[in-house]
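Structure first, then comments.
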Amino acid sequence: MNDITTFPPSRADHVYVSVRDDIFEMRLLPGDRVTEGSIAERFDVSRTPAREALQRLQSDGLMRGYVRGGWEVVPIDFKRFEDLYEMRKLIETFAVSKLFSAEGAACAGIAQMLDRLELVWKVPCDHRKRDGREMVALDEAFHHALVHAADNAELTNAMQRVTDRIRVVRRLDLVYGDCIDDTYDEHVAILDAIRNRETDRSVALIARHIEGSRAEVRTLTEERLQRARTAIGPDSVPYAPPRLRRTS
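All letters in the sequence shown, in the order written, are residues 18 to 265 by the numbering used here.
In structure tokens:
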């Protein structure tokens, strides 16, 4: 008999996941404000689970409180994202270098991982995905597969935390930027180098790839964020105030 009891998600869990998804899907954008009351009303809960969910989002680095039950999606903080990309670079370069010390079953698992990734990324140009949101998911899966293959659970968990925190700007980059073809080309080059067991080249390519992504964050402007606001219209989500369009 299995003694493990599975408990259903709490109300706070439901609110947390729903609001987090709204942030990740850009229905809520950096700088958007909500209140505990509006969230409680939207999800038909009391203020206590609404506040608990917002506090968890604050711990994730996605929300911050300001006054009288008001909360704000964390605005773009370039220094913070610079730090996160630096951490990401350390994690991924170490993980890639570790792949080359694998033996036996681990080595076979890495080969299978490369097979799966090549099916996604080594495709003709006219078969490449063009939807930015879909590209975000594919991009994250690529990088997580490389780190996961290093077989270090703590490294994988750290990578997930970094990914969750940079997802907002990465979405702005892929959805409203122009880097999809570069992403494909660079991923293919990384896979080829790993396949050919070129340790130094593999590490250099992944480092250069992440640095390029970090450079995009440096050039991320209010104009691009405003393009995102305009593209999804003046209304955000039912629990956030309508966005005001700029007229000049």
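Glycine included, C-beta positions come from ideal geometry on N, C-alpha and C.
- Remark: C-beta atoms of V113 and V220 approach each other more closely than 8 Å.
- Distance from M104 to V179 at the Cβ level is roughly 6 Å; contact confirmed, criterion being Cβ atoms closer than 8 Å.
- Here M152 carries a helix assignment [DSSP, helix/strand/coil].
- The C-alpha of S63 is placed about 11 Å away from the C-alpha of A70.
- Under DSSP, G82 shares a beta bridge with W88.
- In the DSSP annotation of this structure, R214 is not part of any alpha helix (DSSP H), being labelled neither H nor E.
- About 26 Å separates the CB atoms of I211 and R147; that is not less than 8 Å, and the two are not in contact.
- The continuous alpha helix (DSSP H) containing R184 extends over residues 170-193.
- Put simply, the region 106-126 touches the region 161-172. At least three CB pairs are less than 8 Å apart.
- With contact defined as three or more Cβ pairs closer than 8 Å, the region 92-108 and the region 173-192 are in contact.
- Looking only at I227, D217, Q72, the smallest Cα-Cα distance to A29 is reached by Q72.
- About 7 Å separates the Cβ atoms of L242 and L189, confirming a contact at the 8 Å cut-off.
- Pairing Y102 with I223 gives a Cβ-Cβ distance that is not under 8 Å.
- Here R246 is buried: its Cβ has 16 or more other Cβ atoms, across all protein chains shown, within 10 Å.
- Put simply, of L191, S27, F159 the residue whose alpha carbon is nearest the alpha carbon of M176 is F159.
- Residue environment: V90 is assigned as buried (16 or more neighbouring CB atoms within 10 Å of its CB, all protein chains considered).
- Burial is judged here by how many other beta carbons sit within 10 angstroms of a residue's own beta carbon; D156 has at least 16 and is buried.
- The alpha-carbon of A123 is positioned some 10 Å away from that of Q129.
- Non-local C-beta neighbours of F41 in its own chain, meaning closer than 7 Å and more than five positions away in sequence, comprise R184, ordered along the chain.
- Annotated three-state conformation of V254 is coil, per DSSP.
- In the structure shown, the three-state DSSP call for V51 is strand.
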